[in-house]
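Residue numbers (the working numbering), protein chains in the order written: chain A, 27 to 321; chain B, 19 to 283.
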């Protein structure tokens with residue numbers, strides 16, 4: 027076979043492989059959206075879940091999912107950012123650093139159910155936090171930290187070395203170079219890392235079943251005092267998320283419209299992830315453009 | 019080989035003319051690989067000195083030692099005298115030193131920020147906030163780097179939209195903004211086309227009246243065009259250092275002559 031034919035064949039194989047990936051993705055997404063979207067309604071979004079009858083909504087689950095995402099990101103982002111800056115910029119290339127990196131990689135492939143049970147033992151039982159949003163957020167932080175750290179580290183390492191040299195050669199300290207030059211340049215990559223991990227958090231069920239719990243408490247959306255027991259912001263209340271709700275109505279749920287509810291919830295979950303993704307990218311691009319003056 | 023590394027001539031200057039000098043500067047990478055051996059060179063005020071030599075001859079290593087950019091990657095032994103201080107001592111504030119000895123790199127490396135911000139970023143980080151003062155420095159620096167007329171209407175546009183040659187002159191302007199006395203240039207034109215290179219050379223020639231410049235170059239014509247003095251490095255040793263005219267027309271060392279004639283390197 028001559029080079030030209032080989033090249034054509036290779037190109038064809040690559041196209042086929044890409045096609046398979048796209049088909050699978052489109053199939054899953056299409057299936058979820060087609061079966062779920064027709065059942066989405068304002069009523070579904072704005073009413074409480076029902077325990078026995080048909081016609082329940084996911085108001086609280088949606089709020090809980092978003093709230094857990096925000097809380098987890100608030101807790102894990104500073105830690106991951108600090109760890110990533112250390113690994114990318116300060117850590118010497120020796121066996122300790124390699125050990126840390128390997129540990130992080132192993133942790134990032136930890137099954138989420140293990141994280142959930144660990145969180146149950148540590149936060150729920152040992153720390154006495156009970157089934158609560160804070161237990162869930164801490165478990166999700168454990169779940170999220172390794173991958174977020176690796177992603178941010180990669181983003182920081184992706185900034186060309188000559189940018190650091192330029193900063194240092196101007197008499198900037200190491201930290202000022204990192205903060206003022208390296209981090210802004212790494213922002214798009216850092217953002218991608220946050221978005222990827224946010225998708226994982228939002229869709230996570232196993233880590234939450236034993237930490238945030240599977241039941242909701244009565245929530246009063248007029249009460250925004252985080253210390254009030256009925257406030258949506260109260261971190262000590264148990265909270266069922268969208269993903270846990272899907273799992274529950276399909277396993278132990280006794281509502282007659284379980285199929286419809288789980289289809290609609292799945293669609294909602296996917297849509298929120300997409301909206302979050304696009305929104306974060308939009309804001310990130312805006313911020314990046316502001317920082318880099320690229321117009 | 020040993021004979022080839024013999025020093026043929028190293029020029030010296032009167033003490034009052036000196037801007038910067040090194041004594042027995044040696045550089046070791048990883049504690050064992052020696053890249054530079056006992057380099058003792060003196061640099062005269064308001065001149066351009068070219069450092070020439072084949073790849074791996076130690077000229078870039080030497081240059082990067084002068085503003086302590088090698089601190090984190092190598093061990094630098096010896097003395098670097100600047101303003102009556104041995105600035106290679108550990109107690110020297112390297113950040114202050116680098117403001118006095120600026121550097122321009124091989125590839126243009128503007129920050130992904132606006133043109134203005136590229137120039138004032140280091141000043142702002144240092145606590146300068148007076149906007150009028152900063153604007154003045156932006157104009158002065160860009161004028162000095164012969165870039166002002168080309169960019170004065172787009173100071174707030176991204177520096178990355180400039181051409182390679184303009185980016186490199188921006189990097190010079192950025193280095194000048196912190197008011198250095200010495201400018202180290204590490205093959206500053208190697209990534210530029212001939213037109214941009216010639217503009218850059220004109221800029222450097224104009225800067226000579228105010229700054230002392232030390233420039234690594236692989237381009238013999240460039241060295242002979244713009245430098246006053248030339249040091250020839252070979253395998254980590256300074257072989258010959260003299261006025262550029264002498265080095266190029268009347269080299270004292272056999273190996274210097276061979277290199278200049280293009281027999282190797």
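Just so it is clear, CB atoms sit at the ideal spot from N, CA and C, and this is done for glycine as well. Every value quoted in this text rests on a predicted model; they were computed, and no experiment measured them.
Bridge partner(s) assigned by DSSP for residue i
{"i": "residue 51(B)", "result": "47(B)"}
{"i": "residue 200(B)", "result": "119(B), 230(B)"}
{"i": "residue 62(B)", "result": "36(B)"}
{"i": "residue 107(A)", "result": "Answer is none; residue 107(A) lacks a bridge partner."}
{"i": "residue 103(B)", "result": "100(B)"}
{"i": "residue 95(A)", "result": "Answer by DSSP bridge pairing: none, since residue 95(A) is not bridged."}
{"i": "residue 93(B)", "result": "46(B)"}
{"i": "residue 89(A)", "result": "Answer is none; residue 89(A) lacks a bridge partner."}
{"i": "residue 178(A)", "result": "None; residue 178(A) has no bridge partner."}
Cβ distance (whole Å) where residue i is taken to contact residue j below 8 Å
{"i": "residue 71(B)", "j": "residue 54(B)", "result": "Contact flag wrong, Cβ pair sits at about 11 Å."}
{"i": "residue 106(A)", "j": "residue 171(A)", "result": "6 Å"}
{"i": "residue 195(B)", "j": "residue 140(B)", "result": "7 Å"}
{"i": "residue 237(A)", "j": "residue 145(A)", "result": "4 Å"}
{"i": "residue 58(B)", "j": "residue 91(B)", "result": "In fact, because the Cβ distance is near 22 Å, the residues do not count as touching under 8 Å."}
Contact set for residue i: own chain, Cβ-Cβ below 7 Å, skip 5 residues either direction
{"i": "residue 205(A)", "result": "none"}
{"i": "residue 248(A)", "result": "none"}
{"i": "residue 141(A)", "result": "165, 168, 169, 233"}
{"i": "residue 105(B)", "result": "98, 115"}
{"i": "residue 191(B)", "result": "137, 159, 160, 162, 163, 165"}
{"i": "residue 127(A)", "result": "113"}
{"i": "residue 221(B)", "result": "163, 164, 187, 190"}
{"i": "residue 227(B)", "result": "64"}
{"i": "residue 259(A)", "result": "250, 252"}
{"i": "residue 111(A)", "result": "182, 204"}
{"i": "residue 63(A)", "result": "293"}
{"i": "residue 205(B)", "result": "124, 234, 235, 236"}
{"i": "residue 26(B)", "result": "257, 258, 270, 271, 274"}
{"i": "residue 244(B)", "result": "66, 219, 222, 223"}
{"i": "residue 117(A)", "result": "123"}
{"i": "residue 70(A)", "result": "83, 84, 290"}
Alpha carbon of residue i to alpha carbon of residue j, nearest angstrom
{"i": "residue 345(A)", "j": "residue 219(A)", "result": "Chain A is shown only over 27 to 321; residue 345(A) falls outside these bounds and no answer can be derived."}
{"i": "residue 236(B)", "j": "residue 137(B)", "result": "28 Å"}
{"i": "residue 81(B)", "j": "residue 160(B)", "result": "25 Å"}
{"i": "residue 269(A)", "j": "residue 124(A)", "result": "35 Å"}
{"i": "residue 198(A)", "j": "residue 305(A)", "result": "34 Å"}
{"i": "residue 162(A)", "j": "residue 99(A)", "result": "12 Å"}
{"i": "residue 173(A)", "j": "residue 24(B)", "result": "56 Å"}
{"i": "residue 219(B)", "j": "residue 248(B)", "result": "16 Å"}
{"i": "residue 231(B)", "j": "residue 200(B)", "result": "6 Å"}
{"i": "residue 133(B)", "j": "residue 153(B)", "result": "12 Å"}
{"i": "residue 187(A)", "j": "residue 240(B)", "result": "27 Å"}
{"i": "residue 34(B)", "j": "residue 259(B)", "result": "19 Å"}
{"i": "residue 280(B)", "j": "residue 179(A)", "result": "45 Å"}
{"i": "residue 168(B)", "j": "residue 174(B)", "result": "13 Å"}
{"i": "residue 28(A)", "j": "residue 93(B)", "result": "53 Å"}
{"i": "residue 263(A)", "j": "residue 47(A)", "result": "41 Å"}
{"i": "residue 102(B)", "j": "residue 95(B)", "result": "18 Å"}
{"i": "residue 10(A)", "j": "residue 235(A)", "result": "Residue 10(A) lies beyond the range of chain A shown here (27 to 321); nothing can be said about it."}
{"i": "residue 37(B)", "j": "residue 60(B)", "result": "8 Å"}
{"i": "residue 50(A)", "j": "residue 59(A)", "result": "14 Å"}
{"i": "residue 111(B)", "j": "residue 150(A)", "result": "51 Å"}
{"i": "residue 156(B)", "j": "residue 49(B)", "result": "42 Å"}
{"i": "residue 224(A)", "j": "residue 45(A)", "result": "27 Å"}
{"i": "residue 215(A)", "j": "residue 179(B)", "result": "21 Å"}
{"i": "residue 229(A)", "j": "residue 271(A)", "result": "11 Å"}
Sequence-distant residues of its chain with Cβ nearer than 8 Å to residue i (five each side left out)
{"i": "residue 348(A)", "result": "No statement about residue 348(A) is possible, as the shown extent of chain A runs from 27 to 321 and does not include it."}
{"i": "residue 317(A)", "result": "210, 213"}
{"i": "residue 227(A)", "result": "94, 95, 98, 99, 166, 169, 170"}
Same chain, Cβ closer than 6 Å to residue i, neighbours up to 5 away in sequence not counted
{"i": "residue 255(A)", "result": "none"}
{"i": "residue 166(B)", "result": "160"}
{"i": "residue 121(B)", "result": "85, 202"}
{"i": "residue 33(A)", "result": "none"}
{"i": "residue 193(A)", "result": "203, 207"}
{"i": "residue 109(A)", "result": "175"}
{"i": "residue 303(A)", "result": "221"}
Closer than 9 Å to chain C by CB, residue i
{"i": "residue 32(A)", "result": "Reference to chain C is not applicable here, since the protein chains of this structure are A and B."}
task = Output, in sequence order along the chain, the residues in the region 113–146 of chain B whose CB is closer than 7 Å to any CB in chain A.
result = 113, 114, 116, 117, 120, 121, 123, 125, 127, 129, 130, 131, 132, 135, 139, 140, 143
ask   = Which of the residues in the region 73–97 of chain B, read from start to end, lie with their CB under 8 Å from any CB of chain A?
value = 85, 87
Within 9 Å of chain A by C-beta, residues of the region 168–180 of chain B in sequence order = 174, 175, 176, 177, 178, 179
request  = Using a Cβ-Cβ cut-off of less than 8 Å, give me the residues of the region 202–230 of chain A that come near chain B, in sequence order.
outcome  = 202, 206, 207, 210, 211
request  = Name, going along the chain, the residues of the region 172–203 of chain A whose beta-carbon falls closer than 7 Å to a beta-carbon of chain B.
outcome  = 188, 189, 191, 192, 194, 195, 196, 197, 198, 199, 202
inquiry  = Output needed in chain order: residues of the region 36–48 of chain B with a Cβ under 8 Å from some Cβ in chain A.
reply    = none
request  = Using a Cβ-Cβ cut-off of less than 9 Å, list which residues of the region 184–195 of chain B approach chain A; keep chain order.
outcome  = 189, 192, 193, 195
query = Looking at chain B, which residues of the region 301–318 of chain A have a Cβ within less than 8 Å of any of its Cβ atoms?
reply = 317, 318
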